[in-house]
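Protein chains in written order, with my numbering: chain H, 27 to 247; chain B, 27 to 247. Yeah, the Cβ is synthetic: ideal placement off N, Cα and C, and Gly gets one too.
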DNA sequence: ACGCCGCGCCTTTGA
DNA sequence: TCAAAGGCGCGGCGT
Ligand SMILES: [Mg+2]
Ligand SMILES: [Mg+2]
């Protein structure tokens with residue numbers, strides 16, 4: 027059984043498609059709008075060099091990409107090519123930023139990430155994936171757990187953080203005192219002073235915003 | 027902010043709990059029935075040495091374990107400690123069987139797997155995970171764009187976008203009708219229906235959030 | 001929807 | 001009033 031893999035034309039120089047062929051896959055080049063390889067109808071792979079991966083975390087590009095991947099394919103996979111240790115040792119990049127990015131991708135968005143040492147491993151993973159996805163199997167359909175339902179508490183805090191000078195801490199104090207968002211938003215200025223962390227000045231700013239009459243600018247910025 | 031992590035008592039000899047403490051986490055030992063570490067109410071980590079991981083793939087143990095993990099925790103994570111390359115180089119183990127196992131875990135079962143180079147990295151990942159899961163989120167999956175300079179109008183719209191199903195357009199319509207933020211936040215459910223783009227369902231969701239009593243669900247002992 | 005750190009403004013507290 | 005200390009939001013940084 028010879029698996030079929032669609033490869034984005036821009037992946038040609040990476041040589042991964044060639045290795046895929048040598049492993050026994052049939053490769054068809056095509057201009058893909060999302061993902062770099064398609065291993066089955068519902069299964070796509072985004073390949074990233076480590077450098078690219080890191081910078082795409084910093085620019086938050088990767089999260090949009092992952093979401094789009096998941097919109098189109100129920101079984102997406104990101105393959106990162108390179109050795110994390112080198113990055114940690116040779117640059118000032120904080121390892122925790124990378125862990126955080128990986129955790130956000132996998133746990134919040136729900137797209138798995140796999141590290142490959144080099145192009146050859148990348149190809150081998152894609153080959154294995156294509157083979158198993160294109161083989162008849164009696165597997166139960168994937169039940170993809172719904173990721174990231176925000177808790178009520180978080181949404182309450184988040185709503186308040188839309189106000190100036192209100193972060194997580196102040197938001198918490200406000201809700202502790204007023205119980206519901208509606209009551210917080212109804213609070214008069216002089217009451218807000220009594221919240222620790224809110225003095226006259228900040229209370230005034232908040233109430234000015236709450237009571238400002240809405241005026242639409244005629245011209246777009 | 028000092029994250030709290032529950033550690034299975036059997037993990038003590040791994041020294042990971044000690045490292046977690048040194049990173050600034052509070053660690054509580056407990057006999058856990060599933061998983062090795064708990065980083066939040068719905069978030070557990072299974073730690074495996076690479077040798078153990080490989081043999082658990084061949085015995086198919088890992089898949090049941092992963093499924094049980096997912097039954098109890100909506101955000102499970104498997105951390106594999108060790109270097110895959112060494113396994114491939116020093117044993118006869120077929121790399122494809124490992125890739126197959128990893129893909130099955132991540133794509134079929136839906137449990138993410140992350141490789142750590144050593145105990146220290148394992149601890150760092152768990153620490154990062156606990157911290158991010160136990161900290162109030164400042165950013166939302168729904169885009170509330172982060173602007174540098176704010177006009178009054180932008181501020182008003184931004185504040186409303188903290189509500190579910192409210193984006194820039196709905197926010198504008200709400201403010202056109204009610205004039206000030208305070209009045210929008212005071213609006214009763216049946217009035218919100220009349221806003222274009224808000225039906226019974228969305229209005230209800232908004233009001234549920236506005237009137238929900240604040241309860242702090244801390245991840246505590 | 002990366003984590004960390006530093007700056008500057010504000011508030012709180014005690015003198 | 002003033003000074004000091006701490007809380008908090010915000011912006012910049014990293015390859
Ligand atoms: Mg790519
Ligand atoms: Mg274990």
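Query, Result
"Using a threshold of 9 Å, state whether the C-beta atoms of residue 107/B and residue 143/B are closer than that.", "yes"
"Can you tell me which of the three DSSP states residue 154/H falls into?", "helix"
"Curious, which full-length beta strand (DSSP E) runs of at least 3 residues does the segment 32 to 93 of chain H contain?", "52 to 56, 63 to 66, 69 to 75"
"How would you label residue 246/H, buried or exposed, when you count the other beta carbons within 10 angstroms and need 16 or more for buried?", "Residue placement at residue 246/H is poorly supported in this model, since its pLDDT is 46, which falls under 50; the coordinates still yield a value, given next. Classification of residue 246/H: exposed, given that the 10 Å Cβ count is below 16."
"Determine the burial state of residue 237/B: buried for a count of at least 16 other Cβ atoms within 10 Å of its Cβ, exposed for fewer.", "exposed"
"For chain B, is any of its Cβ atoms less than 9 Å away from the one on residue 246/H?", "Note that residue 246/H scores a pLDDT of 46, beneath 50, so its modelled location is shaky; the value from the coordinates is reported in the next line. Judged by the 9 Å Cβ criterion, residue 246/H is not in contact with chain B."
"Please name the residue in 77/B, 212/B, 181/B whose C-alpha comes closest to that of residue 198/B.", "181/B"
"Consider the Cβ of residue 178/H: report whether some Cβ of chain B lies at a distance smaller than 9 Å.", "yes"
"My output table needs one value for residue 165/B: the three-state DSSP class, helix, strand or coil.", "coil"
"Quick check: is any heavy atom of ligand 2 less than 8 Å from the C-beta of residue 28/B?", "no"
"State the Cα-Cα distance for the pair residue 188/B and residue 47/B, rounded to the nearest angstrom.", "36 Å"
"Just mark residue 30/H as buried or exposed, buried being the case when its beta carbon has 16 or more other beta carbons within 10 Å.", "exposed"
"Got a sec: which bits of the segment 115 to 139 of chain B sit with their beta carbon under 7 Å from any beta carbon on chain H, in order along the chain?", "121, 122, 125, 126, 128, 129, 132, 133, 134, 136, 138"
"By how many angstroms is the C-alpha of residue 137/H removed from the C-alpha of residue 88/B?", "20 Å"
"Nearest to residue 179/H by CA position, among 161/B, 191/B, 178/B, is which residue?", "161/B"
"Determine, for residue 51/B, whether the minimum Cβ-Cβ distance to residues of chain H falls below 9 Å.", "no"
"Is residue 87/H near ligand 1, going by C-beta to nearest heavy atom under 8 Å?", "no"
"Whose Cβ in chain H lies nearer than 7 Å to the Cβ of residue 184/B?", "188"
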